[in-house]
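To keep things clear, I will list the structure first and then write my remarks on it.
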Amino acid sequence: MNWSHLIAFGYVFSSLLVGQCVLQAISTHSGETLPDSFIGFESVPDKVADGSVVRVRYHCSRPCQLAVEVVVSTLRKTNLVVFRRKWISSTTRVYQIQQVLLRLPLSISHHHDFFSENMLGSHNVTVRAWLDYIKRGSQISTYHSSMLRIYKVLQVTPLSKRPSRPPAGCPSWSARLMTSSRIHQCPHESDVIDMLKFPLASTGEHFGVLRRFQPFINGDLERARLHAVTQPSATLSVWIYLLKWCHMKLCGIIHHVNRRNLYDSVLLQLSDSGNLIIQARVTAGEDEAFKANVALPLWKWIRLDCYILDSKVLLDATWDEETRRFEYQFQNSIHFDDTDGYFVIGGSKYIAGIHGYFGPVKYYRLGTKEAKNTLQPKSTLQQLEGAHKECQEIRTFTKAFLQEASTAHLLSPANKAVCSPDFLRLLGQFRRREKTCSQAWSWETQHKHSTLFHFLQSQEDEIRRGPWSMKNLQSALFDLAIDKMFPLEEAENTITSESMALLQASSCFGNHRASLLLATIHLSGLGRAVNQEQGHVYSLIGASGDDRFALMHAGYKHTHGTDGFPKDQDMAYSYYSNAGAQSNADSLRIHENEQYTPEYIYISNEDDLKTLKHESSDVFEFLKFQAERGDVDSQKRLGMMLYWGRNGVSKDVSRAVEWFERRAMQMTDPSAMYDYSILLMKGQGVKRNYTRGFQLLKKAAAMGSINALNGLGWYHGMVLKDHKTAMNYFQQAALNGSDDGMFNLGVYHLSGRNPDRPWRNETAAFQHFLNASRFGHVAASVEAAWYLSTGGLPGVSQDVERAVIMLKKVCDQNGHLGFMIREALQAYLQGSWQEAFVKYALAAEAGLGLAQSNVAHLCEELNLACQWRYHNYSLLNSDPHPSALLKMGDYYYNCYSSSSREDSLSLAEQAVSMYSRGALAGSPQGMYNLALLAHHGHVLPQGIFSLLNASRHDEPDFVVEKLLKRCVEAEDEEALTPCSLALLRLQMGKALRRMTQNRAQLFLTYASLLSIFVIVVAVPLQSYLEHRRASSVRGGGHGAEGTPRLTPSGERRLQQTTDVAVTLAGVCLCTFWTALLYHLL
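Going by the numbering used here, the final residue of the sequence shown carries number 1351, and the count climbs one at a time with no gaps.
The structure is reproduced here in structure tokens:
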């Protein structure tokens, strides 16, 4: 009996697992494919179009009514139904397809014209369908009360691109009179161009904003422009703010480069003495220039207006509301064609720019008598000027303090030499006739900068012991500001005023990480109210200071147009080109201790954190043990970890070289031989030895190392000066996929050192640079981006957006950025979450997706209101992390679930989009969420169908099953996961539905349910009888008094009956389970 009990309980447990599916299957025991009603789109248009067809696939388990509706949301109205088609289906348990022709009103499908002026400015058009059972009485079904609902958001065609309304008849005579005087006009086109509307920070280097101008579309304007090529009338008006004089003889304000890469009219330059140089090309083909001795001032907004009138140039320089005019007459008319080449604001490859800022720049292509160019945005630029003046005051005050501290004066608060307020000083003069202040600053200045003053006082002894450099001062101020940023005793995370003052002082002394942090605080509202103007001010200050992170930050903001920065790819390129050039230079010194290759460790991912190793960890010690035993792979891993500082291990080049040498000297691994040979030739961690390095290179190349081929080319070209042999090696390396080989070929073509073609070939160089950039080559990406930004090569069109993307990838590899996120990770692991937050936030503002995900996680952990800001930022990257996509998908879906408005449809669509991107990135959670949404009738994007090798015509259960199978493959196979459980439930449900289509198997299903009931009743009864019999034996056969008795024969019959019932139930369940497994497999 015990075995029968075990079998019975096993089948009961198994049956309970699928009980819900069994009940669903029994509820519809006819020959239908699915047990419940269903509705889905067979086909639906992607765009709004009158006369398009919607095909709806459905089946009803009983008579039902269905409808297709088109709903419009405008700025003034929501839930506006503009089309509805209803029908009733009496045929049950059969799939049917209904074709519905959409007849949309002209107000949402056609263009505005005279006869249809009341057009709907629809910004959301949704086609939806619903199914509901026919209800008794007068109750009417609607979309929101229906049982099943589906929808799809259509793409709205802009008004300007919609078709015109078809004529419905002849217009009346009065209408013809009204329209006969109307003349078709071209779109509005102006000759006044805002070349720059947002401030631009210029570092005094070879970087600036490039602008191209096309011929006018308007015929009259174009004829006037062509006439003005030899008799020009043009005006340029530019605002500048100078921080320093030119460190070179000349620096560019605005210059024009033609398609032959030569200067053309007009060039506006600044000399090292503050004077202006204007150069132009005359019609005779010569260049002429004149000098305006104006001596422009520093730290003031200056407006320069340049009027070009045939052969005459007028220059107005205005500051402090005073204008100085200069006039020059050229010998011939000026040649001025603004469509030839491009204009540059600031610096370019050919000339450095000014060190300061550019305000609004306005260009009158056909000239004007008086340029109108106000200083905008005025408040931001005035605050920028005020910030620089305050910095001058802080530097002057600090310099005076340091001079006083370096003498014998004691500057403690008890000393009489400390400045006192004016009223106390006057009182002392009247009473004691003595001076109470000996410092070079006033009490008002000391009070205004009291935080800085107290800091300097605390460092007085250290200052007196030795001179303090500005680098020491700015670092100490920044570190102290970080420590005091979030007070521990306050419940709310508000940034203290003391910390803000210290950051401002650190920024004034040249620490532009502090400038970037101030910009972050003001732009994000982190512990402070959002103040975009102040955020823009410190963003510009940081970028003008040539800080890598601040330049990346400004480029990132202009790339995506966030936080009040205009979306401008040319401005983004001006910042990214600078940061990219610095990243290229940094890559040559990547072995330095303050540079690390960025490691993508997500602190929200435990698996990523487990990959970290330390010198004292067991994993590192075991790796070292294996390497010492001669294991080549361990030696390679250990050398790489020590050389690059990977997996949490600190850099140690000398120790790394020892492992590289041991591995290379085994002469079995060509990559190891190449690595060590390069270190020998560069002299990194080992004494330079060209001969030994060259021998190893030749052996590595002979063993098939592609990189060694490139190394041989470098050796022959740079050391032996054998450029012909070098070219051969570079070509072999490039043909085998070496990005260094491709880049070196490009350099040879660019410099004209190709022995077979000894001339400069920029087109060939660009192609090699472009090919190398596809492999992530830093220097090649910088060079290729420049050609794409100008579009100056024949056959190469301008593509600034692509150039920005290339440089963004270069900047993400910056070694200083890697050092910053390494420090942030170390701080996080040590429990200093606030320090980690600040450093991740700096990297996040520079546009690094990893840092954005990590700082979003810390925002959530530290209860800071910045989580969704940085999750949103991470989505702007080309390859966002799946965790950010899932977070945003959950956010949109929760908003959709809690919203009753019609706008919730777009929220659900965004949730599907986020989960789909996560699924395409390989996230099992994204696939699981998509499967749930698809099960509830949401339409999946085409990319998911392509991933699953499915189509929109497939059954929903088929798509869901494929999604879950892909999810199970992406998960840990040994673990019991939500995807595997959901897949099991889905497959068992399908198996049960197939079983219920056969009457015999349907009877078996009923019998199995009855068997469960029998077992539930019979097994306890058997236990009771056994217990009663055992009690009777121990009690001599007498039961308790008053207890009803069964005769022995009655007990035996009851026992036999229960035995037979349990046996039959077990057989029935065994048969049912066997049939279920048959259908399941």
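Just so you know, even glycine gets a beta-carbon here, dropped at the ideal spot from N, CA and C. Every value quoted in this text rests on a predicted model; they were computed, and no experiment measured them.
By the C-beta density criterion, residue 1092 is buried, having at least 16 other C-beta atoms within 10 angstroms.
The beta carbons of residue 1007 and residue 1035 sit no closer together than 8 angstroms. Taken atom to atom, the span from the alpha-carbon of residue 638 to that of residue 460 is near 13 angstroms.
If you draw a straight line from the Cα of residue 993 to the Cα of residue 942, it is about 27 angstroms long. Here the alpha carbon of residue 1121 sits roughly 46 angstroms from the alpha carbon of residue 677. Leaving aside the five residues that flank residue 516 on each side, the residues in its chain whose CB is nearer than 6 angstroms to its CB run, in chain order, 540 and 542. By the 16-neighbour rule on beta-carbons within 10 angstroms, residue 493 is exposed. Taking the Cα positions, residue 1163 is about 10 angstroms away from residue 1203.
Scanning its chain for C-beta atoms nearer than 7 angstroms, with the 5 sequence neighbours on each side dropped, one finds around residue 427 the residues 317 and 318, in chain order.
Each of 957, 954, 1108 and 946 was checked against the Cα of residue 966, and the nearest Cα belongs to 946.
Residue 1195 sits buried, since 16 or more C-beta atoms from the chains shown fall within 10 Å of its C-beta. For residue 1053, the closest of 917, 851 and 351 by C-alpha to C-alpha distance is 851.
Less than 8 angstroms divides the Cβ of residue 571 from the Cβ of residue 629. The Cβ atoms of residue 1208 and residue 1178 sit closer than 8 angstroms to each other. Your pair residue 338 and residue 351 does not check out as a contact, with CB atoms roughly 11 angstroms apart and the cut at 8 angstroms.
Relative to residue 1318, the option among 1285, 502, 934 and 1295 whose CA is nearest is 1295. Cα atoms of residue 1321 and residue 1289: separation of roughly 15 angstroms, rounded to the nearest angstrom.
With a 10 Å radius around the Cβ and a threshold of 16 neighbouring Cβ atoms, residue 490 comes out exposed.
The closest CA to that of residue 575, considering only 1083, 839, 883 and 509, is found on 509.
Under the 8 angstroms Cβ criterion, the segment 654-672 does not count as touching the segment 520-540, having fewer than three qualifying pairs. Judged by DSSP in its simplified three-state form, residue 943 adopts helix. By the neighbour-count criterion, in which a residue is buried when 16 or more other Cβ atoms sit within 10 angstroms of its Cβ, residue 1149 is exposed. Annotation: residue 1208 is outside any beta strand (DSSP E) and is labelled neither H nor E by DSSP.
Per DSSP, the unbroken beta strand (DSSP E) holding residue 630 starts and ends at 625-634. For residue 963, same chain residues with a beta-carbon under 6 angstroms away, outside a window of 5 residues either side, are 947, 950 and 951 in chain order.
Within the model, the alpha-carbon separation for residue 598 versus residue 1042 is close to 49 angstroms. Of the residues assessed, residue 971 falls on the buried side of the cut-off, its CB having 16 or more other CB atoms within 10 angstroms.
Taking residue 480 as reference, the option from 843, 954 and 783 with the minimal CA-CA separation is 843. Counting C-beta pairs closer than 8 angstroms gives fewer than three between the segment 898-912 and the segment 1133-1151, which falls short of the contact rule. The segment 935-990 contains, as complete alpha helix (DSSP H) runs of 4+ residues, the segments 940-952, 960-972 and 976-984 (chain order).
DSSP links residue 863 through a beta bridge to no other residue. DSSP places residue 329 within a strand segment (E or B) once states are collapsed to three.
Residue 733 and residue 785 have their C-alpha atoms some 25 angstroms from each other. In the structure shown, residue 1191 falls within a coil segment according to DSSP collapsed to helix, strand and coil.
By the CB criterion at 8 angstroms, residue 360 and residue 333 fall inside the cutoff. Judged by DSSP secondary structure, residue 337 falls within the beta strand (DSSP E) whose first and last residues are 334-343.
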